[in-house]
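J.: Take this structure, written in structure tokens, and hold onto it; I'll ask about it next.
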Amino acid sequence: MSQNNEYYVLADRRIKLNIGGFKYETKRSTLINYPDSLIANDIEENETNELFYNRDGHLFWYILQFYRTGRIHLPLANSSSPCLSCGQPTFLEHLKREFEYFRMPFSEPIENRKLASSDIMESLIASRVDEFLNVLKKVFMEVIIANETKVEITFSVKKTPPEVRIGKERSIMKSYLYENICKMVAPFSESAIKILDMFNDEIGQHMRENLPGLTWRVDSNFSQEIGNFHNIRMQYQSEGVLIREAIIASSKHA
């Protein structure tokens, strides 16, 4: 293999990052864009494909976006992101601390600065995707606690609210569990289609990596009755140890 080919293979290598239990994955070339950063240094020194850091897994999402875009994508002040539960000033303080730990440049945003429309749209999309992920994890936990093994949710263009099916059979269950899940996914009747169009692969990877025992599948199609639709299937193994681990993981990441 030529030196050029070796370089491109190395740059394209996938690096797995475990940040306080949250799992991320990206290309090596993305992480070495900042050669003075802690992660770039650790990759060069250890020549490994997996790294672990006992840091805040929620906040690392913003660091990874900085690696990819060179910009800090802050959530909106009214976002329901768990990172903002302690208030915007404290959030920025914690975020700056994480940037400093990973030896990444951090420029605190100017107060009351006007955001470009593209910045606002990116923040809105990121916030909505986070909310969608949190709801899917909560649905997964509710199904496990109810001692069920399978749930399907169909989001469509023409039919609202989303259709929910629980259990191995495809019959609709008129139960507390069914009603609860319907309420949880109802706010995404319209936005879920667009979210899954854009981030289906990333959402699937995140769910599988963070929820033990989960089998994840999304079928996308079109029908005359409901138009374009995405059908999410979540199923898991029913061994007790996996159920226990899945409940713990769902609670931790919800």
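The sequence shown begins at 1 in the UniProt record's numbering and counts up one residue at a time.
All C-beta atoms, glycine included, are put in the ideal place defined by N, C-alpha and C.
Just so we're clear, the structure is a prediction, and the values are computed from it rather than from any experiment.
(1) Output the distance between the C-alpha atoms of Glu71 and Ile15, rounded to the nearest integer angstrom.
(2) Just to confirm, are Thr149 and Pro162 a CB contact at a threshold of 8 Å?
(3) Going by the CB atoms, is the gap between Met207 and Val139 shorter than 8 Å?
(4) Okay, do the segment 217-226 and the segment 130-138 touch, 3+ Cβ pairs below 8 Å being the bar?
(5) For Arg97, count neighbouring Cβ atoms within 10 angstroms of its own Cβ and tell me buried if that reaches 16, exposed if not.
(6) Measuring CA to CA, which of Tyr34, Asn33, Leu51 is closest to Asn18?
(7) Helix, strand or coil for Arg55? Go by DSSP, reduced to three states.
(8) State the beta-bridge partners of His230 as determined by DSSP.
(9) Output yes or no for whether 8 Å exceeds the beta carbon distance between Glu152 and Arg165.
(10) Relative to the ligand MN, is the shortest distance from any of its heavy atoms to the C-beta of Asp36 smaller than 7 Å?
(11) Considering only DSSP beta bridges, list what Tyr24 is partnered with.
(12) Is Glu148 helix, strand or coil when you go by DSSP?
(13) From what residue to what residue does the alpha helix (DSSP H) around Ile72 run?
(14) From Asp56 to Thr160, what distance separates their C-alpha atoms?
T.: In brief:
(1) Here residue 71 turns out to be Arg, not Glu, going by the sequence shown. Straight-line Cα distance between these residues: approximately 21 Å.
(2) no
(3) no
(4) no
(5) exposed
(6) Leu51
(7) coil
(8) Phe155, Ser220
(9) yes
(10) Among the components of this structure there are no ligands whatsoever, and the ligand MN is therefore not found.
(11) Leu17
(12) coil
(13) Note, Ile72: premise wrong, no alpha helix (DSSP H); not H, not E.
(14) 37 Å
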